[in-house]
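Just below is one structure, and these are the notes that go with it.
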Amino acid sequence: MMDVIVIGAGVTGCAIARELSRRERSILVLERGLDVCEGTSKANSGIVHAGHDAKPGTMKARMNIEGSRMMEALSRELDFPYRRNTSLVIGFNEEDRHTLEELKAQGEVNGVEGLAVISGEEARAKEPKLSAGVTCALFCPTGGIVDPFLLTVAFAENAAVNGAEFRFGTEVTKISGKEGAFTVETADGTAFQAKRIVNAAGVYADVFHNMVSAQHIHITARKGEYLLMDKKTKGFVNATIFQCPTKMGKGVLVTPTCHGNLLIGPTSVDIEDKEGVNTTAEGLADVVEKAGLSAEDLPTRQVITSFAGLRAHEDGGDFIVAEAADCPGFFDAAGIESPGLTSAPAIAKYMAELITEKDKAPEKTGFKAERKGIPCMAEATPEERKALVAENPLYANVICRCELVTEGEIVDAINRPVGATTLDGVKRRVRAGMGRCQAGFCTPKQMDILARETGRDLQDIVKSGSGSQLLDGGKFESTH
Amino acid sequence: MNADKKAKIVIIGGGPAGLSAAAAANEAGAAAGDILILERDNVLGGILNQCIHNGFGLHTFKEELTGPEYAARFVSTVQERGIPYLLNTIVVDISVDGDGSKVVSAMNRTDGFFTVRADAVILAMGCRERPRGALNIPGYRPAGIYTAGTAQRFVNIEGRMPGHEVVILGSGDIGLIMARRMTLEGAKVKVVAELMPYSGGLKRNIVQCLDDFGIPLKLSHTVTDIRGRERVEAVTIAEVGPDRKPVPGTEETYTCDTLLLSCGLIPENELSSQLGVELSRVTSGPVVNESLETSVPGVFACGNVLHVHDLVDYVSEEAANAGRNAAGYVEGNGSEGKPEEDGTPVQVIAKDGVRYTVPSSIRIGRMNDLQLIRFRVGAVYRDASIAIDFNDTVVRTQKKRILAPGEMEQVILKKEDLQKFEGLKTITIRVDTSEAKKQ
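Protein chains in written order, with the numbering used here: chain A, 1 to 480; chain B, 1001 to 1439.
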């Protein structure tokens, strides 16, 4: 019998697991994928939103502001890439200016600090690549960017170090029972017992909620497509550039990533299929066209990849972070769409408070709040490189040449707590294969390392899911 | 800056270009011990090691070799001459010091992170394949999508098949070679789709790798969708119009487990850029003069890092030239020598269907008696001519039965012709289509 089962190892589930691990309780995280960060958390803008978009009084507003305020200290505590790069919401006419003034007022009610509506010239002085048609902008000094993969991995690793258990490839199919004695059944026939359940299942959160509650919720998968550009575009913009929001979201943005790539997107299209993470010709064209309104000479020739993610949009439009009214002991973190990444630390903190009220678990002596990330040879100084290589020569053996990722870093990614078992898992932890050749050269080498470190044959190495084998069969004997 | 090692010539890359450059530099007088080859892989030979098909060496050795055999000849030469090389060694930076010497920063497991000071550097890093993302192919992102070169490595080095039902996008040479290779190992290659109305590969490869195996080549087609969440399940291709956009209603879906991409090679010049080497927008390789010297004095380039070649024989020849020039440079015959004797460089201009030329400038005082100009054309031409203009005067036209983007072309200039031509400022290489048919 576990004290708490968390369903879903996205950023929300992992953040909650980490917060819960501050107290003496047994925690089990069940995840359908083979790694953390396999759903919505892996395909989003990586933005730490300032907090002017959410309607005052909503859970979104509260969690956004608090999460945004927590992020910087957390990035030091858990050692993940975060940068307060500021943001601009741009306008092209008087109507937009009006919208920006409203956003500013709304942001101030929410508690966002330092907001200012500035002129087009002032905006272009900050960001010279901004479109000539920009006449006004809302400047948000507290806007930031974060690496969504490493944020999730950091929460998960730290949760694991503090005792949380993770089970991957474990798809929950049925939940029954009541507070103190829930039974969670999974696709492989295993059943787990828990006193309480946290539902952090992203676009599937409605499915699990509706298994135990008669007060149904409904989540729509809202697709967003993105294009990512080569690091050669570093410095094209420094701030995150938003367009005026619409009812479908914050519009197409142009932003640097923490690693110096340029990211444009997302689209916003409601779809039926909760697995529909395919990009479309129309969607990608739409992103390029709309992003082109924000900035001049967008370097679209430098695109290295495109991807799509699904926002978990609940019909009510707000986050649901609460105990189900008619099912005590079942806690939802549902409808976590944007600004969900920003809000994750705050949602987790709040969720832990809700659960602590119920279980009164004592604080854990020896809780380790700090985590140190994997060294990054690409960003190390020559002196740091020398020191790392002296410590472990594998840090000198470069596997991914585009992103300068070494064997040492890849071995770390595999062997750490909640380590990578897949090619994508390695990529998200250390960026191997994330560069301009998109893993063309390093895939075979990474597979060799994964096979060696995890004691598997090459044919069993997968890209991400359990059916994503990279090779078809074992070693062949050539007859030629 | 203090450097950990010293060399007169550092060669970055131990593939066909780097090996040939090293051997030629040595022959031209650079002591073996003054040369250092830095190779990122665990063996010399570069991509040739996975090119186990034959057809290499017809020009260089007058016999037909496999890739590894061709590489082995150069590797033996380098080893016999005692030219030092470091394997598993990645170069992370090249910079020019105040005195004009170059500092190369590199690392490997044995030596750790170290620097080498050199008088001259030869860039021979090769190229990479254009990945799916850069092609903007929509659809899912499952396992089973590989560049042709990655698949080649799986099959020929690892002895593993990436899949057994294959669609190939792009008709570059590696894709064509892999169509045959995977067929020989039991895979079914269903179709090769090519965006352009002509193939990007050599004619002989179309015949020997597709036609001989009954594999259809669909020109003016592209991939419009990839299905399969975990592993590729199907690929949709469609015909493209003159604007290279898919024509609605022409879609055909092929069930398959693998999509191979052979859609172009990109010279890998990230190090060159960091160093401040001027790059060509057409080739993505350095802009070089007759000595294959880049815009940074004492830094030379050759092989696929300079421009993408179709035959390795040409790479070896070009790289040997770079090696000799680098040896000359370190012996004090460098460009900082007597520029007045070199004269103003003559600009070599690519025009009318010629996409680029290597070199793009010639210092007459520095050129050999015969100067090779290599280039590619941008479309297929039948019965056209290659015209050479000195300033505005046509000095030569060469009839060509066929010109195609997949085949590298060349013209040879004589030093005496350039010297004789009073006030020579530009040499223009162009396709003369006055009597030709463009396809």
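Note that beta-carbon positions come from the ideal geometry of N, C-alpha and C, so glycine has one too. Since the structure is predicted, the reported quantities are computational estimates derived from the model, not experimental observations.
- Across the stretch 1164 to 1185 of chain B, CB contacts with chain A closer than 7 Å involve His1164, Leu1184 and Glu1185, in sequence order along the chain.
- For B/Thr1236, the closest of B/Leu1210, B/Glu1278, B/Val1167 and B/Val1277 by C-alpha to C-alpha distance is B/Val1167.
- In the three-state reduction of the DSSP assignment, B/Tyr1198 falls in the coil class.
- Taking a contact to require three or more Cβ pairs closer than 8 Å, the stretch 29 to 47 of chain A and the stretch 100 to 108 of chain A do not qualify as touching.
- The C-beta distance from B/Leu1169 to B/Ala1193 rounds to 5 Å, short enough to fall under 8 Å.
- Contact with chain B is absent for A/Ile410, since none of that chain's Cβ atoms lies less than 8 Å from the residue's Cβ.
- Between B/Leu1292 and B/Ala1322, the C-beta gap is smaller than 8 Å, which places the two residues in contact.
- Under the three-state reduction of DSSP, A/Met377 is assigned to helix.
- Assigned with DSSP and collapsed to three states, A/Gln106 falls in helix.
- Neighbours of A/Gly455 across chain B, judged by C-beta separation under 9 Å, do not exist; the nearest C-beta is about 18 Å away.
- Assignment of A/Cys400 by DSSP, reduced to helix, strand and coil, places it in the strand class.
- Under the three-state reduction of DSSP output, A/Asp412 falls in the helix class.
- Residue burial is scored here from C-beta neighbours: B/Ser1076 has fewer than 16 other C-beta atoms within 10 angstroms and is therefore classed as exposed.
- Annotation: the continuous beta strand (DSSP E) that includes B/Thr1393 extends over Thr1393 to Leu1403.
- Against chain A, a Cβ distance below 7 Å from B/Asn1136 picks out Leu284, Val303 and Ser306.
- In the displayed model, B/Phe1061 falls within coil according to three-state DSSP, outside both helix and strand.
- Those residues of the stretch 379 to 391 of chain A placed with their C-beta closer than 7 Å to a C-beta in chain B are Pro382, Arg385, Lys386, Val389 and Ala390, ordered along the chain.
- Neighbours of B/Val1394 across chain A, judged by C-beta separation under 9 Å, do not exist; the nearest C-beta is about 35 Å away.
- At a cut-off of 8 Å between beta-carbon atoms, B/Ser1105 makes contact with chain A.
- The residue among B/Tyr1140, B/Pro1267 and B/Ile1373 with its C-alpha nearest the C-alpha of B/Asp1257 is B/Tyr1140.
- Straight-line spacing of the CA atoms in A/Gly144 and A/Leu88 works out to 11 Å.
- With respect to the C-alpha of A/Glu477, the residue from B/Asp1173, B/Thr1426 and B/Leu1184 having the closest C-alpha is B/Leu1184.
- Between the stretch 328 to 342 of chain A and the stretch 115 to 134 of chain A there are fewer than three C-beta pairs closer than 8 Å, too few to call the two in contact.
- The beta carbons of A/Ala420 and A/Arg429 sit closer together than 8 Å.
- Under the Cβ distance rule, A/Ala396 counts among the residues neighbouring chain B, one pair being separated by less than 8 Å.
- Beta bridge pairing from DSSP links A/Phe307 with A/Tyr226.
- In the pairwise beta carbon analysis, the stretch 25 to 33 of chain A is classified as not touching the stretch 308 to 319 of chain A: fewer than three pairs are separated by under 8 Å.
- Look at A/Gln215 here: in three-state DSSP terms it is coil, with no helix or strand label.
- Between A/Leu450 and A/Val426 the beta-carbon gap is near 7 Å, inside 8 Å, which marks them as a contact.
- In chain order, Leu1048, Phe1056, Gly1057 and Val1312 place their CB closer than 7 Å to the CB of B/Tyr1070, counting only its own chain and leaving out the 5 sequence neighbours on each side.
- Under the DSSP assignment, B/Tyr1381 falls in the beta strand (DSSP E) whose first and last residues are Tyr1381 to Phe1390.
- Counting along the chain, no alpha helix (DSSP H) covers B/Gly1045, and no H or E run does either.
- Between B/Ser1284 and B/Gly1175, the CB-CB gap reaches or exceeds 8 Å.
- Restricting attention to B/Pro1068, B/Gly1144 and B/Lys1062, the CA atom closest to the CA of B/Gly1046 is found in B/Pro1068.
- Judged by DSSP secondary structure, A/Met351 falls within the alpha helix (DSSP H) whose first and last residues are Gly340 to Asp359.
- The beta-carbon of A/Val462 is placed less than 8 Å from the nearest beta-carbon of chain B.
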